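Trainee:
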Amino acid sequence: MTNHSGSAASAAPISRNHPCPCGSGKRYKHCCGAAAEAGLQRPGESGLADTLRKALQNQLAGKFSRAEQLYRAALELDPNNIDALHMLGVVCMERFRHAEALDLLYRAAELTHWAQSQIFHNLGLVIARLSTRDANARQDLLLARQLERRKQPASNAKSSVMPLVSVILYSYNQARYIAGALASVFEQSYQNLELIVVDDGSADGSPAIIGELLEQGPFPRRFIERAAPGAEIALDQAAELAQGDFLAFLNAEDCYAPDRIEQMVAQIAAKRAQWGYSGIALIGPHGETMDSTHPAAQRLLRPPGNAFDRISNSFSFLDFNPCIASGNLFVERSLFRRAGGFGARGFGQERDFLLRAAALSEPVWVEAPLYRHRLHEESSIGGSQEKISADAAKWLADFYRSLEIITTVANELSPHHPDNRTLAYKLGLNAGHGKFLPADRLRALSRQWLAKPSSRISRSTTLSESRAEGRKQALVVLGMHRSGTSAFSRVLNLCGAFLPDNRHPAKLGDNEKGFWEPEEIPQLNERLFKSIGTTWLNEKLNLADWNHLHADFAEDAAALLETEYGNQTLILIKDPRICLLATWWDKVLHVSGYEPLYVIPLRNPLEVAASLHVRDRLPMETGLALWLRYFDEAEAATRDSRRVFVAYADLVANWKRCVNKISAAVDVKLDIGKNGQEVESFLEDRLRRQKATDESLFDLPPTPVNQAIKEKYRWALQQAGLS
Numbered sequence: 001m002t003n004h005s006g007s008a009a010s011a012a013p014i015s016r017n018h019p020c021p022c023g024s025g026k027r028y029k030h031c032c033g034a035a036a037e038a039g040l041q042r043p044g045e046s047g048l049a050d051t052l053r054k055a056l057q058n059q060l061a062g063k064f065s066r067a068e069q070l071y072r073a074a075l076e077l078d079p080n081n082i083d084a085l086h087m088l089g090v091v092c093m094e095r096f097r098h099a100e101a102l103d104l105l106y107r108a109a110e111l112t113h114w115a116q117s118q119i120f121h122n123l124g125l126v127i128a129r130l131s132t133r134d135a136n137a138r139q140d141l142l143l144a145r146q147l148e149r150r151k152q153p154a155s156n157a158k159s160s161v162m163p164l165v166s167v168i169l170y171s172y173n174q175a176r177y178i179a180g181a182l183a184s185v186f187e188q189s190y191q192n193l194e195l196i197v198v199d200d201g202s203a204d205g206s207p208a209i210i211g212e213l214l215e216q217g218p219f220p221r222r223f224i225e226r227a228a229p230g231a232e233i234a235l236d237q238a239a240e241l242a243q244g245d246f247l248a249f250l251n252a253e254d255c256y257a258p259d260r261i262e263q264m265v266a267q268i269a270a271k272r273a274q275w276g277y278s279g280i281a282l283i284g285p286h287g288e289t290m291d292s293t294h295p296a297a298q299r300l301l302r303p304p305g306n307a308f309d310r311i312s313n314s315f316s317f318l319d320f321n322p323c324i325a326s327g328n329l330f331v332e333r334s335l336f337r338r339a340g341g342f343g344a345r346g347f348g349q350e351r352d353f354l355l356r357a358a359a360l361s362e363p364v365w366v367e368a369p370l371y372r373h374r375l376h377e378e379s380s381i382g383g384s385q386e387k388i389s390a391d392a393a394k395w396l397a398d399f400y401r402s403l404e405i406i407t408t409v410a411n412e413l414s415p416h417h418p419d420n421r422t423l424a425y426k427l428g429l430n431a432g433h434g435k436f437l438p439a440d441r442l443r444a445l446s447r448q449w450l451a452k453p454s455s456r457i458s459r460s461t462t463l464s465e466s467r468a469e470g471r472k473q474a475l476v477v478l479g480m481h482r483s484g485t486s487a488f489s490r491v492l493n494l495c496g497a498f499l500p501d502n503r504h505p506a507k508l509g510d511n512e513k514g515f516w517e518p519e520e521i522p523q524l525n526e527r528l529f530k531s532i533g534t535t536w537l538n539e540k541l542n543l544a545d546w547n548h549l550h551a552d553f554a555e556d557a558a559a560l561l562e563t564e565y566g567n568q569t570l571i572l573i574k575d576p577r578i579c580l581l582a583t584w585w586d587k588v589l590h591v592s593g594y595e596p597l598y599v600i601p602l603r604n605p606l607e608v609a610a611s612l613h614v615r616d617r618l619p620m621e622t623g624l625a626l627w628l629r630y631f632d633e634a635e636a637a638t639r640d641s642r643r644v645f646v647a648y649a650d651l652v653a654n655w656k657r658c659v660n661k662i663s664a665a666v667d668v669k670l671d672i673g674k675n676g677q678e679v680e681s682f683l684e685d686r687l688r689r690q691k692a693t694d695e696s697l698f699d700l701p702p703t704p705v706n707q708a709i710k711e712k713y714r715w716a717l718q719q720a721g722l723s
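If you read the sequence shown in this note's numbering, its first letter stands for residue 1, the second for the next number, and so on.
1. What residue range is occupied by the uninterrupted beta strand (DSSP E) comprising serine 278?
2. Name, in chain order, the residues that DSSP records as bridge partners for proline 596.
3. Suppose only complete runs of 4+ residues qualify. What are the alpha helix (DSSP H) ranges in the stretch 65-153, listed by chain order?
4. In angstroms with no decimal places, state the Cα-to-Cα distance between proline 369 and valine 185.
5. Rounded to whole angstroms, what's the CA-CA distance from alanine 203 to glutamate 225? Just pull it up for me.
6. On the premise that alanine 248 lies in contact with isoleucine 261, defined as a C-beta separation below 8 Å, what is that separation, rounded to the nearest angstrom?
7. Using beta-carbon positions only, say whether glutamate 539 and arginine 629 come within less than 8 Å of one another.
8. Out of Arg447, Leu318, Ile324, state which residue places its alpha-carbon closest to the alpha-carbon of proline 415.
9. Among Ala49, Asp501, Tyr371, which one has its Cα closest to the Cα of phenylalanine 283?
10. Give every residue of the same chain whose Cβ lies closer than 8 Å to the Cβ of glycine 211, excluding the five residues on either side of it in the sequence, and list them in chain order.
11. Does glutamate 187 pass the burial test, meaning 16 or more other C-beta atoms within 10 Å, or should it be called exposed?
12. Can you name the residues that DSSP bridges to histidine 373?
13. Within 10 angstroms of the Cβ of phenylalanine 246, are there 16 or more other Cβ atoms? Answer buried if so, exposed if not.
14. Going by DSSP, what residue range makes up the beta strand (DSSP E) through alanine 248?
15. Going by DSSP, which residues form a beta bridge with proline 363?
16. Provide the residue span of the alpha helix (DSSP H) that contains aspartate 545, from first to last.
17. Here's the rule: buried if 16 or more other CB atoms are within 10 angstroms of the residue's CB, otherwise exposed. What is leucine 549?
18. Rounded to whole angstroms, what is the Cα-Cα separation between leucine 722 and leucine 580?
19. Taking the alpha carbon of serine 334 as the point to measure from, which residue in Ser166, Ser171, Arg503 has its own alpha carbon closest?
20. CA-CA distance, arginine 714 and leucine 602?
21. Within its chain, find whatever has a CB closer than 7 Å to the CB of leucine 241; leave out the 5 residues flanking it on each side and keep chain order.
22. In the structure shown, what three-state DSSP assignment does proline 500 receive?
23. By Cβ distance below 8 Å, which residues in the same chain neighbour arginine 401 in space, the five residues on each side in sequence not counted?
24. I need the straight-line Cα distance from alanine 647 to valine 366, nearest angstrom please.
25. Compare the beta carbon distance of phenylalanine 498 and leucine 450 with 8 Å and say whether it is the shorter of the two.
26. Could you give the DSSP three-state label for alanine 257: helix, strand or coil?
27. Cutting at 6 Å between CB atoms, please list the residues of its own chain near alanine 393, excluding the five before and the five after it.
28. When the Cβ atoms of the stretch 556-572 are set against those of the stretch 584-593, are three or more pairs found closer than 8 Å?
29. For the stretch 572-586 and the stretch 659-669, state whether three or more C-beta atom pairs, one from each stretch, are separated by less than 8 Å.
30. Report the option in Thr535, Phe645, Arg657 whose CA atom is closest to the CA atom of glutamine 719.
31. Can you have a look at lysine 669 and say buried or exposed, based on whether 16 or more other CB atoms are within 10 angstroms of its CB?
32. Please classify glutamine 473: is it buried, with 16 or more other beta-carbons within 10 angstroms of its beta-carbon, or exposed?
33. In whole angstroms, what separates the C-alpha of threonine 289 from that of glutamate 253?
34. Select from Pro418, Ala55, Glu512, Pro258 the residue whose C-alpha is nearest the C-alpha of glutamate 761.
35. Who are the near neighbours of asparagine 328 in its chain, counting only those whose CB is closer than 6 Å to its CB and skipping five residues on each side?
36. Threshold first: 4 residues or longer. Then list the alpha helix (DSSP H) segments lying entirely within the stretch 429-457, N to C.
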């Protein structure tokens with residue numbers, strides 16, 4: 001961890017190799033620094049240059065208030081300075097003043113004639129944040145529809161379906177691996193296959209190997225030799241020759257699990273779905289399995305909770321390519337043709353196909369790792385990073401243009417659907433796609449938002465709009481991730497505590513019924529973590545080391561409370577990260593006129609660690625250590641405040657008794673009769689997927705960390721009246 005304390009006072013120039021503060025992910029010399037060197041800031045104006053340099057130093061150090069003052073001073077010297085407008089816009093965005101940020105960034109874009117991608121990137125981020133309220137509401141609606149679909153019995157499933165499947169194997173200079181790929185096809189447990197092999201001008205002896213091995217194959221086969229390399233064209237031509245009802249692709253360096261086709265038919269064709277893809281197993285050059293700790297696995301294989309089921313499988317395509325390789329696709333032949341095949345789209349053609357096919361039909365993700373993707377120095381469908389980036393920019397631009405053209409979309413869960421447009425833009429722009437949007441589209445989106453009123457009106461998520469006179473209280477649900485904080489938050493909200501509409505959306509497979517936390521409070525906490533070079537996973541964070549950042553954090557937190565909660569007298573705040581920042585938030589609440597009342601959920605640390613392991617692939621030891629750290633910080637910060645310890649299991653078992661206990665312990669007025677039926681339908685024990693007994697925790701090996709966990713958990717049980 002790097003301590004930035006005092007860095008803003010340094011007179012040293014900004015390092016050209018430092019990450020650019022505009023958020024592009026590039027180094028300063030390749031981003032805003034390059035713009036400055038190109039003459040966008042007037043040469044010879046030493047006062048202006050020095051002011052901009054000091055502003056950037058403060059921004060990098062997380063001192064946004066001082067950075068803002070300096071950028072405004074620079075604009076007094078030169079009102080049209082692009083660097084000052086751009087960076088001040090970024091600072092305003094970081095401080096949640098999105099309308100002002102949009103205005104500044106729009107002015108910078110106009111002055112550059114819409115020619116700087118880093119300004120596009122940040123304009124996109126601002127528009128995404130402005131879209132949050134409407135986009136999240138749509139996301140919750142789509143998620144609810146997904147859940148309803150899953151509850152319906154699979155009456156269309158037909159286990160006797162045996163369609164002809166055309167396996168299309170693409171080869172280009174893969175003599176080393178082609179035999180393994182062919183063998184994996186020949187060994188398939190599913191027998192109703194035809195095999196089409198297309199060699200794309202290999203010069204390494206591959207065609208001779210293919211020809212010899214095909215003679216040994218058990219299925220009807222065809223071998224096509226092309227002279228000019230071009231993967232997407234070759235695959236499309238092979239698909240035109242296919243006779244099967246479904247197409248199953250395979251890259252020559254990869255291979256199938258023995259039951260891949262059988263499983264894909266059962267999970268897709270037999271259920272009358274039209275296409276899908278499976279989980280991936282990564283293998284090395286010699287066929288060795290690569291586990292999840294390998295750097296390539298960390299880069300390519302995202303945890304299912306983060307990659308899939310956020311809304312629908314098709315929405316994940318905006319962020320990344322879950323197929324990993326084109327060979328992982330299993331597609332109905334008629335759908336492949338209607339979607340236009342791969343087309344001459346260049347590298348990454350499968351992700352472009354995913355987006356186009358999603359407009360026609362929602363794909364199925366078969367979780368089992370049935371496709372074995374080999375990592376080695378050369379790939380049959382590879383290319384330079386520059387070429388890949390250029391091709392991605394082209395087809396992503398085509399995708400965003402299509403959003404404005406398409407009016408009818410068969411798949412309501414697709415990002416193409418007209419009703420999902422705001423959501424698609426929000427998620428895509430959050431993923432950094434602002435730089436890929438056509439300039440005219442981004443300019444039009446910016447102007448639409450500039451024309452809207454900048455004021456924000458928070459509305460209650462309960463049925464009541466009453467605002468009783470009296471003291472202001474803040475119920476703070478303070479607990480480690482996966483401790484039941486979301487369940488407590490929603491129940492308390494339904495019993496009268498105010499939550500703004502601008503909430504974090506629900507996520508399938510994670511928090512299916514919602515997180516019930518304001519969208520921007522976690523963002524503020526994450527901003528602080530980022531400023532000090534850490535994350536919520538830090539077990540050793542010491543806020544005393546970062547007191548120089550407290551003033552800015554407190555100012556922005558207080559502004560958020562005013563914006564999101566208005567003059568409500570009983571509000572609800574929840575974000576597990578607050579455990580690590582509880583002393584700072586406690587001060588902010590008091591300064592903002594609230595009496596903080598703390599509800600500390602208690603859940604068996606083994607259950608917490610197991611849930612983190614499933615969601616984030618964290619080792620159990622890490623999850624347990626995090627529970628201890630979060631509990632210690634929350635407990636220490638609230639000793640002088642009204643607080644109550646309550647068990648998550650008790651909330652599920654008897655929520656009325658639990659709410660009454662909270663009401664009495666912290667002296668807050670809650671109404672268990674207000675939305676009782678909604679609470680009953682919200683709380684479901686099935687959502688508590690990880691379960692462990694207290695005895696299993698106390699039987700853990702007597703390591704120093706385990707002993708500390710046991711002692712703290714026993715003490716907490718006593719505070720909750722459970723021992």
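We put the beta carbon where it would ideally sit given N, CA and C, even for glycine. The structure presented is a predicted model; accordingly, all values stated were derived computationally and were not measured.
Mentor: Quick look at the numbers:
1. Taking the sequence shown and counting its residues from 1, the one referred to as residue 278 is at position 278. Note, serine 278: beta strand (DSSP E), 275-283.
2. Position 596 of the sequence shown holds residue 596. Answer is Ala474, bridged to proline 596.
3. Listed in chain order, they are 82-94, 98-111, 117-130, 132-151.
4. By 1-based counting over the sequence shown, the position of residue 369 is 369. By 1-based counting over the sequence shown, the position of residue 185 is 185. Pairing proline 369 with valine 185, the inter-Cα distance amounts to about 16 Å.
5. Here residue 203 corresponds to residue number 203 of the sequence shown, with the count starting at 1. Here residue 225 corresponds to residue number 225 of the sequence shown, with the count starting at 1. Taking the straight line from one Cα to the other gives about 12 Å.
6. Taking the sequence shown and counting its residues from 1, the one referred to as residue 261 is at position 261. Taking the sequence shown and counting its residues from 1, the one referred to as residue 248 is at position 248. Indeed, because the Cβ distance is near 6 Å, the residues count as touching under 8 Å.
7. Translated into the one-based positions of the sequence shown, residue 539 becomes position 539. Translated into the one-based positions of the sequence shown, residue 629 becomes position 629. Their beta carbons are under 8 Å apart, which means glutamate 539 touches arginine 629 by this criterion.
8. To locate residue 415, count along the sequence shown from 1; it is residue 415. The option with the nearest alpha carbon to proline 415 is Leu318.
9. Residue numbering aside, residue 283 sits at position 283 when the sequence shown is read from its first letter. Rather than phenylalanine, the amino acid found at residue 283 in this sequence is isoleucine. That would be Tyr371, whose Cα lies nearest to the Cα of isoleucine 283.
10. Position 211 of the sequence shown, counted from the first residue, corresponds to residue 211. Counting only Cβ-Cβ distances below 8 Å, and skipping sequence neighbours, we find Phe223.
11. Here residue 187 is taken as the residue at index 187 of the sequence shown, counted from 1. Around the Cβ of glutamate 187, a 10 Å sphere holds fewer than 16 other Cβ atoms; the residue is exposed.
12. As a first step, residue 373 must be located in the sequence shown, where it is residue number 373. Listed as beta-bridge partners of histidine 373 by DSSP are Leu282.
13. By one-based count along the sequence shown, residue 246 stands at place 246. Around the beta carbon of phenylalanine 246, 16 or more other beta carbons lie within 10 angstroms, which makes this residue buried.
14. As a first step, residue 248 must be located in the sequence shown, where it is residue number 248. Per DSSP, alanine 248 belongs to the beta strand (DSSP E) from 246-251.
15. Taking the first residue of the sequence shown as position 1, residue 363 is located at position 363. By DSSP's assignment, proline 363 forms no beta bridge with any residue.
16. Counting from one through the sequence shown, the residue named residue 545 turns up at place 545. Per DSSP, aspartate 545 belongs to no alpha helix (DSSP H) and is neither H nor E.
17. The count along the sequence shown starts at 1 and reaches residue 549 at position 549. Leucine 549 comes out buried.
18. As a first step, residue 722 is located in the sequence shown; it is residue number 722 there, counting from the start. As a first step, residue 580 is located in the sequence shown; it is residue number 580 there, counting from the start. Near 26 Å, if we compare the C-alpha coordinates of leucine 580 and leucine 722.
19. Along the sequence shown, one-based indexing puts residue 334 at 334. When each option's Cα is compared against that of serine 334, the closest is Ser166.
20. Counted from its first residue, the sequence shown places residue 714 at position 714. Counted from its first residue, the sequence shown places residue 602 at position 602. The straight-line gap from Cα to Cα measures roughly 11 Å.
21. Position 241 of the sequence shown, counting from 1, holds the residue named residue 241. Apart from the 5 residues on each side of it in sequence, leucine 241 sits with its Cβ closer than 7 Å to the Cβ of Ile196, Arg222 in its chain, given in chain order.
22. Translated into positions along the sequence shown, residue 500 becomes position 500. Here proline 500 carries a coil assignment [DSSP, helix/strand/coil].
23. Within the sequence shown, residue 401 is the residue found at index 401, counting from 1. Counting only Cβ-Cβ distances below 8 Å, and skipping sequence neighbours, we find Pro438, Arg441.
24. Here the question's residue 647 lines up with position 647 in the sequence shown. Here the question's residue 366 lines up with position 366 in the sequence shown. So the two alpha carbons sit approximately 36 Å from each other.
25. Here residue 498 refers to the residue found at position 498 of the sequence shown. Here residue 450 refers to the residue found at position 450 of the sequence shown. Leucine 450 sits away from phenylalanine 498, with the two beta carbons spaced by 8 Å or more.
26. Position 257 of the sequence shown, counting from 1, holds the residue named residue 257. Residue state, collapsed to three classes: coil.
27. On the sequence shown, residue 393 is found 393 positions in, with the first residue counted as 1. These residues qualify, in order along the chain: Phe436.
28. Counting Cβ pairs under 8 Å, three or more are found: they touch.
29. No: fewer than three Cβ pairs fall under 8 Å.
30. To locate residue 719, count along the sequence shown from 1; it is residue 719. Minimum Cα distance to glutamine 719 is reached at Phe645.
31. Residue mapping note: residue 669 aligns to position 669 of the sequence shown, counting from 1. Exposed, since its Cβ has fewer than 16 Cβ neighbours within 10 Å.
32. For the purposes of this step, residue 473 is taken as the residue at position 473 of the sequence shown. Counting the other Cβ atoms within 10 Å of the Cβ of glutamine 473 gives 16 or more, which makes it buried.
33. Counted from its first residue, the sequence shown places residue 289 at position 289. Counted from its first residue, the sequence shown places residue 253 at position 253. Rounded to whole angstroms, the separation of the alpha carbons of glutamate 253 and threonine 289 is 14 Å.
34. The requested residue 761 does not occur in the structure, where the chain is confined to residues 1 to 723.
35. In the sequence shown, residue 328 corresponds to position 328, counting from 1. Within the same chain, Cβ atoms closer than 6 Å to the Cβ of asparagine 328 are found at Tyr277, Tyr371, the five residues on either side in sequence being excluded.
36. Here the runs fully enclosed are 439-450.
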